[in-house]
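Each residue of the sequence shown is one higher than the last, beginning at 9 in our numbering.
Glycine included, C-beta positions come from ideal geometry on N, C-alpha and C.
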Amino acid sequence: MVQSKTMTQARQQVSLVKKKSGVAFVLLDCPGRSNVLNTSTLAELEAAVLQANSDDEIKALVYMSGKADTFLSGADLGEVKKFGNKQAAHKLCRDGQLFLNITRHLQKPIVGAINGACLGGGVELILCLHKRIATNDPITVFAMPEVRLGLIPGLGGTQRLPRLLGVKTALEVILGSEPFDANRALEIGLIDEIVASDDLMSRAEEVALELAAAGPEALSKLVEKTDGTPADFDADKLKTLFAITERSLRITTKGHYPAPPAAVRVMKDGLAQGIEAGLHLEAGAFSDLCMDEVTHNLMSIMLAAEFYKQMALSPSKKSSLPPISNIGVVGSGTMGTAIAELAVSHGYDVCLKGRDKNRVNVSVEKITASLVRKGKRAANTTIKEGTLKGVTDVKELSKCDLIIEASLEDAEVKKSVFKEVLGAVTDDCVLATNTSALSVASTIPESVDSSRFIGLHFFQPVDRMQLVEVVSHGQVNREAVAAASNFVAGLGKIPLSVKDTPGFLANRILGTYLEEVARLTEENVPMNWIDEGPLSFGMPIAPFELLDEIGWHLVIAIADALHVGLGERMRPPAKMYDSVKAGLRSKKEGIGVFLWDENGRKNGYNPDLERRFKVTIAKEKIDPAYAKELAERLVLPMIDEAARCLEEKIVLRAREVDVATVFGLGFPPFRGGLLRYADKLGLPYVRDRLEVIYKNSFGQRSVSQYIHKLVAEERGFYGRVGGDES
């Protein structure tokens, strides 16, 4: 290989590597962990392509990443978020489109050699190449995540994807935003070939030379696949498909998220008017969305979540603890089984320990079947010993680097589990309790070194909820916290460090929400209206359905822990205890506020509710103004409790509260998080409304001093009013 020295000197992110065969590799290697598209990388890529095009020695080009684990992660969100006006956003979008048009119509063939993540703008780039080859490595994934960030694809994705894949598949990829592997990419036609990682460079070079030999006419036919008429084009069928999709989006987004309908509209109009018109429409919609408040909220919360993941993944050179690879999960119930499955699916060796061999075997079989069903493993294989092992003997945990205790929500039970485990594991093993509300300190046996004990609070359902609270107490070893946080990030979750306190952060805030729900029922507000208020606000699940999902016994355990730890202002309403006494259990057990079938489907309200609980279910629909009032009644006390958590330094920053509420509690992402929403309302308004809400609390509740202080200083949670936190 001979590298062009002039390219290396002139550029910091893109290099042109020429081979004797006449193939030139365009290598993208941005500073940092990922390759991203921004103004500078686009300029460097364009210069490299134009130089290669003018070099008679170069017959063909191959795009490839200079990084081992990522191809191209899409747009630089930091740059997008800083656009001060629509014109700047539009210029970047159009510049990128024009560069890809140059690439698309180059007279020399260009092949994509893809290893690692190819996301957003990365997918839009490879759509403009003549052939696309990807590796079979698990790290090679594809996705169009823009609408999840409040944007739409801005470099031709809404136009070229439907022309290449068909409209239905393109809509699924863009609106779903979900990642998929190379096999799926090959199946839908996004890539042309899959090879082993070691063969990627040589095969890409071979294909590039084959295309060069095929001549310009062959290249034109390949261009036509993404610039011409979609293969599945049928005007009547497409009209129906778009109508169904738009109607579905109105139901699912409830008008809160502007990006999905914008993507559909631009795709539909571009297919009708031609690709050049479609690209202009796409750039206009993209730049409009860049200025939208919802987009800024979504990008802020996603960037914050990614920040905590990357911080946890950064290895500590000073750590004396070995990297975590062997996991012991003690407790083969619902939570322990879910945690074990998650760890196994991310490549960790797991010992799942229970007291009953039959029950442990059932859990292992359940995990095996689940992984096969989800496609993690081929259906004709089993989970090998060493990847997942069901055990009853504590000695089997001797090689574990991390133990996660997932037994009953009882401090004495957890202490006894740890006493047993301590005799089997090494002194370097990190010991974690999975508890919803108990303080970590209360679960540590007496007279032991408590420095390696932490809390790992997974949220239900474990496979879907992205947040994990990493709980530190006063004597904890910071290396243990770092090792556990790294493990959590390795599971694809967001590790959030919180201080040991009743309910930690998320459940402490959630507790105020659920107690307010119970207070509303005591005031005889119809239950279906109580459900409708938060749903219209944007919550993903109605409060009574959430109570059934969590389980009433666990809800009471959390409420009791908060009451004991935080005093009378957190006393649970009597209605909560009455519900459990009267037989409400959980979704899993089939009976709660709702009746549930064995498949987890809701079968209406429990018929005993009105008779036994003296609650009401209204036949008429709720007035929208009253729905908004009910939503504020439930959400504003959460803001107040979050303020107390900041005051007590449970976490240190408003963005940590917002990450916890969005990714742990399902607070509407389009609002940017609980405290960003509070700043939007204005803290004087929040304070005044809270005083009205609390006036019937007989002196037990009052607005936190932290909120009073911020109001007096004319500040919000994110700094000066109209500003942002540093």
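- Separation of Glu524 and Leu654 (C-alpha to C-alpha, rounded to the nearest whole angstrom) is 21 Å.
- Here Thr143 carries a strand assignment [DSSP, helix/strand/coil].
- Relative to Glu417, the option among Lys361, Glu314, Ala569 whose CA is nearest is Ala569.
- Looking only at Tyr634, Asn536, Trp560, Glu553, the smallest Cα-Cα distance to Val623 is reached by Asn536.
- Residue pairing by DSSP places Trp604 opposite Lys610 in a beta bridge.
- The beta carbon of Glu656 sits closer than 8 Å to the beta carbons of Lys507, Thr509 from its chain, once the five residues preceding and following it are set aside; these are given in chain order.
- Taking 9 Å as the cut-off, the beta carbon of Phe33 is found no closer than this to the beta carbon of Ala142.
- Annotation note: the stretch 58–106 contains the following uninterrupted beta strand (DSSP E) runs of length 3 or greater, listed N- to C-terminal: 68–73, 78–80.
- Shown here for Leu638: same chain residues with a beta carbon closer than 6 Å to its own, the five before and five after excluded, namely Gly541 in chain order.
- Nearest neighbour of Met72 by Cα position, chosen from Leu133, Asp64, Asp556, Gln95, turns out to be Leu133.
- For Val22, there is no enclosing alpha helix (DSSP H); the residue is found in the beta strand (DSSP E) stretching over 22–26.
- Taking 9 Å as the cut-off, the Cβ atoms of Val352 and Ile412 do not count as close.
- If the five residues before and after Ile147 are omitted, its C-beta is found closer than 6 Å to the C-beta atoms of Asp77, Gly124, all from its own chain and listed in chain order.
- Residue state for Glu413 is assigned as strand, using DSSP reduced to three classes.
- Uninterrupted beta strand (DSSP E) stretches at least 3 residues long and entirely within the stretch 674–714 do not occur.
- Rounded to whole angstroms, the separation of the alpha carbons of Leu644 and Arg697 is 8 Å.
- Secondary structure within the stretch 145–171: the beta strand (DSSP E) runs of 3 or more consecutive residues, fully enclosed, are 149–151 (chain order).
- DSSP lists no beta-bridge partner residue for Phe545.
- Note on geometry: alpha-carbon atoms of Ile309 and Gly598 lie some 35 Å from one another.
- Excluding residues up to 5 positions away in sequence, Thr441, Phe461, Ile462, Gly463, Val479, His481, Asp508 lie with their Cβ nearer than 7 Å to the Cβ of Val448 in the same chain.
- Around the C-beta of Glu721, fewer than 16 other C-beta atoms lie within 10 Å, and the residue is accordingly described as exposed.
- With distances taken between CA atoms, Pro117 lies nearest to Gly223 out of Lys688, Ile538, Glu52, Gly223.
- Residue burial annotation: Gln95 is exposed, with fewer than 16 other C-beta atoms found within 10 angstroms of its C-beta.
- Judged by beta-carbon spacing, Gly128 lies within the 9 Å limit of Gly82, meaning their Cβ atoms are closer than that value.
- A direct Cα-Cα distance of roughly 15 Å separates Leu289 from Pro266.
- For Asn611 and Phe315, the gap between their C-alpha atoms comes out near 41 Å.
- Looking at the DSSP output, Ser480 sits in a beta bridge with Lys507.
- Taking the Cα positions, Leu410 is about 49 Å away from Phe107.
- When Leu518, Leu446, Gly600, Ala497 are compared, the shortest CA-CA separation from Gly573 is found for Leu446.
- Distance from the CA atom of Val175 to the CA atom of Leu249, rounded to whole angstroms, is 9 Å.
- Of the candidates His465, Ala312, Leu499, the residue whose Cα lies closest to the Cα of Ile332 is Leu499.
- For Ser378, the three-state secondary structure derived from DSSP is helix.
- The three-state secondary structure of Gly292, taken from DSSP, is helix.
- Counted as a single uninterrupted DSSP element, the beta strand (DSSP E) harbouring Ala32 occupies residues 31–36.
- Excluding residues up to 5 positions away in sequence, Phe79, Leu80, Ser81, Gly82 lie with their Cβ nearer than 7 Å to the Cβ of Gly130 in the same chain.
- Residue burial is scored here from C-beta neighbours: Leu69 has at least 16 other C-beta atoms within 10 angstroms and is therefore classed as buried.
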